[in-house]
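Engineer: Dumping the structure here so I can ask a few things about it.
Take a look at the structure:
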């Protein structure tokens, strides 16, 4: 029902699309976000002990994890391209060739992005930084192609691959980042459980209390203990 309502509303909206909006930029921004695939390793806390003797074989495991992460998220990326196709065809009918190239980029960039993300984690860099780097590369590639139809958008793919090669050489002597990878895997599971918990009760699901320091001023400072008042 919701899907049918969306399709009907979307088709009606396309008949009267506002013309004062830069749709190439908006489509590029959305695709840039959906192109940042999460790296799913499925590691558990106990794996740091049981898999530690097989650390040298973890290279093949991570290769399979990258493929699994890519294939599990690819249908959503294809769905986004299907949704944007009628919009581009309506607003920019002369740029359909550019949209086809953009679609190819939207299939390639997430894969090379996952490879870069793994090398980024091996080098012990923060997760937010790789998210920002990938967003900038993706946005540059998509927007240049949709707005100018120039093949220089491929520089986004070349740039990510170049960073992968550079970090791979720097990570030659790096050990497997057990702590960070297990932490990321745990966070992925928590995010999934939170999403499912929106529709049904998840057994064992507990919310974690997180301190918001910017709200500290709303709390009263406790008075010092005075034994004379007892």
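Residue numbers (the UniProt record's numbering): 1 to 230.
From the three backbone atoms N, C-alpha and C, an ideal C-beta is built for every residue, glycine too.
All figures in this text were calculated on a predicted structure; none of them were measured in a lab.
Over what stretch of residues does the alpha helix (DSSP H) that includes residue 93 continue unbroken?
Structural biologist: The residue you call residue 93 lines up with position 93 of the chain shown. Looking at the DSSP string, residue 93 is not in any alpha helix (DSSP H), and its letter there is neither H nor E.
Engineer: How far does the alpha helix (DSSP H) with residue 48 in it reach, from first residue to last?
Structural biologist: Residue numbering aside, residue 48 sits at position 48 when the chain shown is read from its first letter. It spans 47 to 50 - the alpha helix (DSSP H) in which residue 48 sits, taken as one unbroken run.
Engineer: For residue 18, count neighbouring C-beta atoms within 10 Å of its own C-beta (all shown protein chains included) and say buried if the count is 16 or more, exposed if not.
Structural biologist: As a working mapping, residue 18 is identified with position 18 in the chain shown. Burial call: exposed.
Engineer: Confirm, please, whether the CB-CB distance from residue 111 to residue 36 is below 9 Å.
Structural biologist: By 1-based counting over the chain shown, the position of residue 36 is 36. By 1-based counting over the chain shown, the position of residue 111 is 111. In this structure, residue 111 does not lie closer than 9 Å to residue 36 by Cβ.
Engineer: Assuming the contact rule is C-beta atoms closer than 8 Å, residue 80 and residue 30 should be a hit. Round their C-beta distance to whole Å, please.
Structural biologist: Position 80 of the chain shown, counted from the first residue, corresponds to residue 80. Position 30 of the chain shown, counted from the first residue, corresponds to residue 30. So it is a contact: roughly 7 Å between Cβ atoms.
Engineer: Spatial neighbours of residue 143 within its chain, please: CB distance less than 7 Å, with the 5 preceding and 5 following residues excluded, ordered by chain position.
Structural biologist: As a working note, residue 143 is residue 143 in the chain shown. Cβ within range, chain order: 24, 25 and 28.
Engineer: Three-state secondary structure (DSSP) at residue 191?
Structural biologist: Taking the chain shown and counting its residues from 1, the one referred to as residue 191 is at position 191. Residue 191: helix per DSSP, three-state reduction.
Engineer: Decide if residue 141 is buried, meaning its Cβ has at least 16 other Cβ atoms within 10 Å, or exposed.
Structural biologist: Translated into the one-based positions of the chain shown, residue 141 becomes position 141. So residue 141 counts as buried.
Engineer: Go through the region 118 to 193 residue by residue and report every complete run of the beta strand (DSSP E) that reaches 3 residues or more, in order.
Structural biologist: Listed in chain order, nothing qualifies, since the region 118 to 193 has no complete beta strand (DSSP E) run of 3 or more residues.
Engineer: Just to confirm the assignment, what range does the alpha helix (DSSP H) spanning residue 32 have?
Structural biologist: Counting from one through the chain shown, the residue named residue 32 turns up at place 32. Element bounds for residue 32: 23 to 34.
Engineer: Determine the direct distance from the alpha carbon of residue 92 to that of residue 149, and round the result to whole angstroms.
Structural biologist: Along the chain shown, one-based indexing puts residue 149 at 149. Along the chain shown, one-based indexing puts residue 92 at 92. Spanning the two alpha carbons is a distance of roughly 11 Å.
Engineer: Can the beta-carbon of residue 138 be found closer than 9 Å to that of residue 167?
Structural biologist: Here residue 138 corresponds to residue number 138 of the chain shown, with the count starting at 1. Here residue 167 corresponds to residue number 167 of the chain shown, with the count starting at 1. Their beta carbons are not under 9 Å apart, which means residue 138 does not touch residue 167 by this criterion.
Engineer: Residues in the same chain with beta-carbon distance under 6 Å from residue 66, minus the five sequence neighbours each way, listed in chain order, please.
Structural biologist: What you label residue 66 is simply residue 66 of the chain shown in a count that begins at 1. Taken in chain order, the residues that qualify are 114.
Engineer: If you draw a straight line from the C-alpha of residue 32 to the C-alpha of residue 136, how long is it?
Structural biologist: Along the chain shown, one-based indexing puts residue 32 at 32. Along the chain shown, one-based indexing puts residue 136 at 136. Their Cα atoms are separated by approximately 8 Å.
Engineer: Relative to the alpha-carbon of residue 126, which residue among 71, 180 and 20 has its alpha-carbon at the smallest distance?
Structural biologist: Translated into positions along the chain shown, residue 126 becomes position 126. Closest by alpha carbon: 180.
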